[in-house]
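Number of protein chains: 2
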Amino acid sequence: MDTYIAVDIGGTQLRASLYPAGDTKPLAQKRIPTKSKDQTPVDRLLDLLQSIWPAGGSVRGIGLAAPGPTNSRAGIIYAAPNIAGWENLPLARIVQDRFNVPTLLGNDANLAALGEWKFGAGRGYQYVLYITISTGIGGGVIEDGKLLLGYKGLATEIGHITVVPDGPVCGCGLRGHLEAVASGTAIARYVAEQLASGVPSSLAELHAPTARDVSQAAEQGDPLAKAALARAGIFLGHAIADYLHLYNSQVIILGGGVSRSGALLIEPLRAALAERVMSPEYLHGLVITTAALGDDAGLMGALALAQTAG
Amino acid sequence: MDTYIAVDIGGTQLRASLYPAGDTKPLAQKRIPTKSKDQTPVDRLLDLLQSIWPAGGSVRGIGLAAPGPTNSRAGIIYAAPNIAGWENLPLARIVQDRFNVPTLLGNDANLAALGEWKFGAGRGYQYVLYITISTGIGGGVIEDGKLLLGYKGLATEIGHITVVPDGPVCGCGLRGHLEAVASGTAIARYVAEQLASGVPSSLAELHAPTARDVSQAAEQGDPLAKAALARAGIFLGHAIADYLHLYNSQVIILGGGVSRSGALLIEPLRAALAERVMSPEYLHGLVITTAALGDDAGLMGALALAQTAG
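If you read the protein sequences in the order shown, they are chains L and C.
Counting along the first sequence from 1, when you hit position 184 you're at 184 in our numbering, and nothing is skipped either side.
Counting along the second sequence from 1, when you hit position 129 you're at 439 in our numbering, and nothing is skipped either side.
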């Protein structure tokens, strides 16, 4: 039987799935911690692949979803934020040399976009903007049925455009990016600041409320929590207006934990978006929806990538 | 002889050129005013095409570069800012029905990007960001050897992302867009404000200094004029940093009258860009250059478009 292997590489765990050709139902799935005392993450990845390898069949392609900036054309991870030593790592070649199977690598947020487009909320569309809002903000763009990658595969860092000049420091070290004001981290920070300045809230009882705590409090009507989500939604709406001017997407897919806050995030987002779009044609027929694949989006994107390998 | 016709449609004049297949040297060129007392602009365009039509040969395709937002897939001009009545105008079909020749239409800034890529400063690259800075700011993006258009062809409105929230009013009616702070219009407005508040400058002698006046004064060392160009360059640099994160371009081509200010604009731009890029990989190998085709960029892009028609 012909198969494909997809791997989602995270700072905490490595997940691998084996799929039969032409199917998205896995034959096998396995997950292991990324780090251990006696093995490098690369060796652990190679062992994981070996352990999920089909006994009788052939593997036609391997797809790797990697964190951080990657050169998807060259198969290189420039820097993995949470894996020490993964700098300018030619991981696709390492895997390909070991197993002698075509191996492709991509940025996890780009591949999540690819996964949602091929197998999730983006099916049937040709112009997709996918935004994942969790600890950080990432995403990907499908233009005319093709993942937009740019020259080195560094394109569509959706979280890293400036929305508040000289605003809070972003995960990337620069200031005022969308990620710095609308990610889960930013929502939690905003709430902490408001609590510190004496704004009353049910969240004051918690030691360090997370974005998830904020979502739950907002659902129960807490005014500060609702304001924090609305604030993030407004920043997202403003940024998406810019993205529509730049990409003219047909559908916007919102993924990541923060997007599960629902109407309390998305209604302010829609209102802010409508205010900042320069022509109604950008909104006419536009679909705004939530992601369908949850935590599997990156893995499914790695499968879609693997399927193009051979 | 097989030929192509390209037309650049402006609010002031219509320019048409006839090209032999496989060549960029025109067989004939003609320009007429867009408006007259006794003809509609559409009738004038049809007459212009008729007047440049090759006597013996066949026309394989017609390309139209149109101002304002266009649906390049459907061949519709949504709204031409300077031509009254051109709203939701199916111009490609009108021309095609009249001459029975495949006719394609595109936004003039997108087509200028296409022209610079195919025939000008972008030759040989596959990932191009073209920005034209004149009265307004427009542009286009080549991704993997293809013009990025978006769902309806409304993509890459490069001048219309927010760089100064609640900043000056933009040509599009919204606030704080790149066009509102870095176009020729914005440079002239900034200088007028500074003069009104008493800043000394050689430009104080002029009634209403234009961006061109500012460029000339800057070349002669006028401090206010130099500061005005540097300010526009810094805003451009910040916006281009965002664009690199979004498009990961290989070459940036600066066109339009303001780009001819040279180092006084481009050096501040480069410095601001370097400060705002999240990874050196975006800059490593990046080429920043000026446009090669001048006012012909849109026309040459219309030729490139016509060549894809038949």
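For every residue, glycine included, the Cβ atom is placed at its ideal position computed from N, Cα and C.
These numbers come from a predicted model, not from an experiment.
Rounded C-alpha distance that separates residue i from residue j
i	j	result
residue 483 of chain C	residue 278 of chain L	8 Å
residue 194 of chain L	residue 260 of chain L	23 Å
residue 93 of chain L	residue 119 of chain L	27 Å
residue 525 of chain C	residue 127 of chain L	40 Å
residue 170 of chain L	residue 116 of chain L	26 Å
residue 394 of chain C	residue 373 of chain C	22 Å
residue 76 of chain L	residue 251 of chain L	30 Å
residue 304 of chain L	residue 475 of chain C	39 Å
residue 41 of chain L	residue 103 of chain L	18 Å
residue 315 of chain C	residue 603 of chain C	18 Å
residue 197 of chain L	residue 544 of chain C	35 Å
residue 46 of chain L	residue 23 of chain L	24 Å
residue 366 of chain C	residue 396 of chain C	33 Å
residue 568 of chain C	residue 577 of chain C	14 Å
residue 98 of chain L	residue 559 of chain C	33 Å
residue 371 of chain C	residue 327 of chain C	12 Å
residue 139 of chain L	residue 284 of chain L	23 Å
residue 329 of chain C	residue 618 of chain C	14 Å
residue 419 of chain C	residue 554 of chain C	19 Å
Same chain, Cβ closer than 6 Å to residue i, neighbours up to 5 away in sequence not counted
i	result
residue 528 of chain C	535, 536, 539, 574
residue 452 of chain C	427, 438
residue 392 of chain C	321
residue 288 of chain L	252
Coil, strand or helix - residue i by DSSP
i	result
residue 13 of chain L	strand
residue 507 of chain C	coil
residue 158 of chain L	coil
residue 552 of chain C	helix
residue 329 of chain C	strand
residue 479 of chain C	strand
residue 318 of chain C	strand
residue 457 of chain C	strand
residue 570 of chain C	helix
residue 435 of chain C	coil
residue 24 of chain L	coil
residue 348 of chain C	coil
residue 73 of chain L	coil
residue 532 of chain C	coil
Residues of its chain near residue i, where Cβ-Cβ distance is below 7 Å and the 5 sequence neighbours each way are ignored
i	result
residue 137 of chain L	131, 158, 159, 178, 179, 182, 183
residue 361 of chain C	340
residue 273 of chain L	237, 240, 241
residue 96 of chain L	102, 103
residue 320 of chain L	For residue 320 of chain L there is no data in the structure shown, the boundaries of chain L being 1 and 310.
Extent of the continuous beta strand (DSSP E) run through residue i
i	result
residue 564 of chain C	561-565
residue 414 of chain C	413-417
residue 139 of chain L	137-142
residue 336 of chain L	With chain L running from 1 to 310 in the structure shown, residue 336 of chain L is simply not present.
residue 439 of chain C	438-443
residue 89 of chain L	87-89
residue 287 of chain L	287-290
Spatial neighbours of residue i in its chain, beta-carbon cut-off 8 Å, leaving aside the 5 residues before and after
i	result
residue 323 of chain C	341, 342, 343, 344
residue 471 of chain C	487, 488, 549, 552
residue 186 of chain L	168, 179, 180, 232
residue 520 of chain C	494, 498
residue 203 of chain L	191, 195, 209, 213, 214, 217, 222, 224, 225
residue 313 of chain C	328, 329, 330, 331, 337, 364, 367, 368, 369, 370
Neighbouring residues, chain L, relative to residue i (Cβ below 8 Å)
i	result
residue 471 of chain C	161, 242, 245, 246
residue 586 of chain C	162, 174
residue 515 of chain C	Neighbours of residue 515 of chain C on chain L: none; closest Cβ ~34 Å, over 8 Å.
Neighbouring residues, chain L, relative to residue i (Cβ below 9 Å)
i	result
residue 336 of chain C	Correct list: empty, because the minimum Cβ distance to chain L is about 31 Å.
residue 397 of chain C	By Cβ distance, chain L contributes nothing, its closest Cβ being about 11 Å from residue 397 of chain C, past 9 Å.
Contact list for residue i against chain C, beta-carbon separation under 8 Å
i	result
residue 183 of chain L	Those do not exist, as residue 183 of chain L stays about 15 Å from chain C at its closest Cβ, beyond 8 Å.
residue 219 of chain L	Correct list: empty, because the minimum Cβ distance to chain C is about 29 Å.
residue 179 of chain L	Near residue 179 of chain L there are no residues of chain C at all, since even the closest Cβ is about 10 Å away, more than 8 Å.
Chain-ordered neighbours of residue i on chain L, where CB pairs are closer than 7 Å
i	result
residue 591 of chain C	69, 78, 152, 154
residue 437 of chain C	150, 151
N-terminal and C-terminal residue of the alpha helix (DSSP H) that residue i is part of
i	result
residue 29 of chain L	No alpha helix (DSSP H) contains residue 29 of chain L, which is instead part of the beta strand (DSSP E) from 28-33.
residue 83 of chain L	Run containing residue 83 of chain L: none; DSSP gives neither H nor E here.
residue 307 of chain L	297-307
residue 267 of chain L	263-276
residue 217 of chain L	211-219
residue 50 of chain L	41-52
residue 492 of chain C	488-492
Within chain C, partners of residue i - CB distance below 7 Å
i	result
residue 238 of chain L	472
residue 223 of chain L	By Cβ distance, chain C contributes nothing, its closest Cβ being about 24 Å from residue 223 of chain L, past 7 Å.
Residue i: contacting residues in chain C (beta-carbon distance under 9 Å)
i	result
residue 249 of chain L	460, 461, 465
residue 165 of chain L	473, 474, 475, 548
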